[in-house]
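Heads up: the structure comes next, in structure tokens.
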Amino acid sequence: MEGKILDYSIEAETGIIRGNDGVRYEFFASEYRSAQPITVGQTVDFDVDPNSNTTVSSIYVVPEANASPSTPVIPQAMVDAGKDAVTDTLSVFKTLQKDPANGLQAALQALGDNRALNTGIVLCALFALASWAAVIKGASFFLSLFAGSSRSGDFGGTRFDIGFLDHVKIILASSFPVIGIILILWAIQQIFRGKGNIKQFTFATGVCVFPITILLLLTWLLGYTNFDVLSLLSVFCFTTLILLLNTTLIGVLRLSARNALFLVPIILVADTFIMRVLSSILIR
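Numbering (my numbering), first residue to last: 1075 to 1358.
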């Protein structure tokens, strides 16, 4: 017989199925045979226990008619986490706009570690994608420039094109700066006995590199011909990056202002070194 699961209690491991005959049957989780988790609303096939007219056994999920077994289904929890991360990202920058000095730690306290981690991952991923887009745009522009051709992507009569693996390598290399900053913040926390954890460092890193993300996106949109505009934006974005790193050291790691003053340039130099090492390994 077929029916739908109306209710299920994880604690009690029991639930209710309404059969196609209109009768409600009680079931135990031990009788559930499918690999999918028990979910309210599932259509199931089951046998009625001959010893009880209201208890069922051998419960199996009935696949939906339009469902494709080869199509991956994204868990709702992941979808909700992604939506929350986007919303939290907007709220973080509103907080920073109102209070640039203390907004970072205030946003971190308001979000909590888990939501802050999701927000940080979104911002770091956006940085990597923006870097990839700017690199591809720059490669096309400079190759066509050196070839003396006005056609973007043409070099020596051959159209600029790279394979899928090259795109993957560029995206991976674009993630090295944020990975480096996270590792450096963790190392500083260990050396100076500061506060914070990896989740908070991921969040802080995503916020710190966001001005550079904006610069990279504008570079991709405007192209490399708007040199004067990009130069002015670069000064603003890199200055903001330095200020946010200083705020991170003081507000998240709880270091003194004196330590933060000389650690910010160390972070930038060390991150550059990590990028070069990881990139050299990647291109081998």
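C-beta atoms are modelled at their ideal positions from N, C-alpha and C, and glycine is treated no differently.
None of the values given here were measured: they were computed from a predicted structure.
Query, Result
"Have a look at the DSSP bridge pairing and note the partners of Tyr-1298.", "Answer by DSSP bridge pairing: none, since Tyr-1298 is not bridged."
"Where does Val-1135 fall in DSSP's three states?", "strand"
"Kindly indicate which three-state DSSP category Val-1130 falls into: helix, strand or coil?", "strand"
"Going by DSSP, name the residue or residues bridged to Arg-1098.", "Arg-1092"
"For the beta strand (DSSP E) that Lys-1078 lies in, which residues bound it at each end?", "1076–1083"
"Residues in its own chain within less than 7 Å of Leu-1246 by CB, not counting five upstream and five downstream?", "Leu-1356"
"Based on Cα-Cα distance, which residue from Ser-1165, Thr-1314 and Asn-1094 lies nearest to Asp-1017?", "The chain is shown only over 1075 to 1358; residue 1017 falls outside these bounds and no answer can be derived."
"For Ile-1255 versus Asp-1345, is the C-beta distance shorter than 8 Å?", "yes"
"Go through its chain and collect everything with a Cβ distance to Phe-1250's Cβ below 6 Å, but skip five positions before and after it.", "Met-1349 and Leu-1352"
"By Cβ distance, which residues of its chain are closer than 6 Å to Gln-1373, with the 5 residues on each side in sequence left out?", "The requested residue 1373 does not occur in the structure, where the chain is confined to residues 1075 to 1358."
"Terminal residues of the continuous alpha helix (DSSP H) containing Thr-1276?", "1272–1282"
"Using 10 angstroms around the beta-carbon of Gly-1089, count the other beta-carbons present and answer buried if the total reaches 16, otherwise exposed.", "buried"
"Tell me whether Thr-1322 sits in a helix, a strand or coil according to DSSP, three-state version.", "helix"
"If the criterion is Cβ atoms closer than 8 Å, does the pair Ile-1341 and Ile-1265 meet it?", "no"
"Using the DSSP secondary-structure output, state which residues sit across from Trp-1117 in a beta bridge.", "One point to set straight first is that residue 1117 is Thr, not Trp, in the sequence displayed. DSSP output for Thr-1117 lists Lys-1078 as bridge partner(s)."
"DSSP three-state label for Arg-1233, please.", "For Arg-1233, the predicted structure reports a pLDDT of 46, less than 50, and the residue's modelled location is therefore unreliable. A value from the coordinates is still provided. Looking at Arg-1233 - three-state DSSP - the assignment turns out to be strand."
"Compare the C-alpha of Lys-1273 against each of Phe-1336, Leu-1295, Cys-1198 and Gly-1237 and name the closest.", "Cys-1198"
"Sorted by chain position, which residues of the same chain lie with C-beta nearer than 6 Å to Ala-1103's C-beta, five sequence neighbours on each side aside?", "Glu-1087"
"Under 8 Å between the Cβ atoms of Thr-1276 and Gly-1194?", "yes"
"Measure the CB-CB distance between Val-1130 and Ile-1091 and report whether it falls below 8 Å.", "yes"
"Going by the CB atoms, is the gap between Ser-1132 and Arg-1107 shorter than 8 Å?", "yes"
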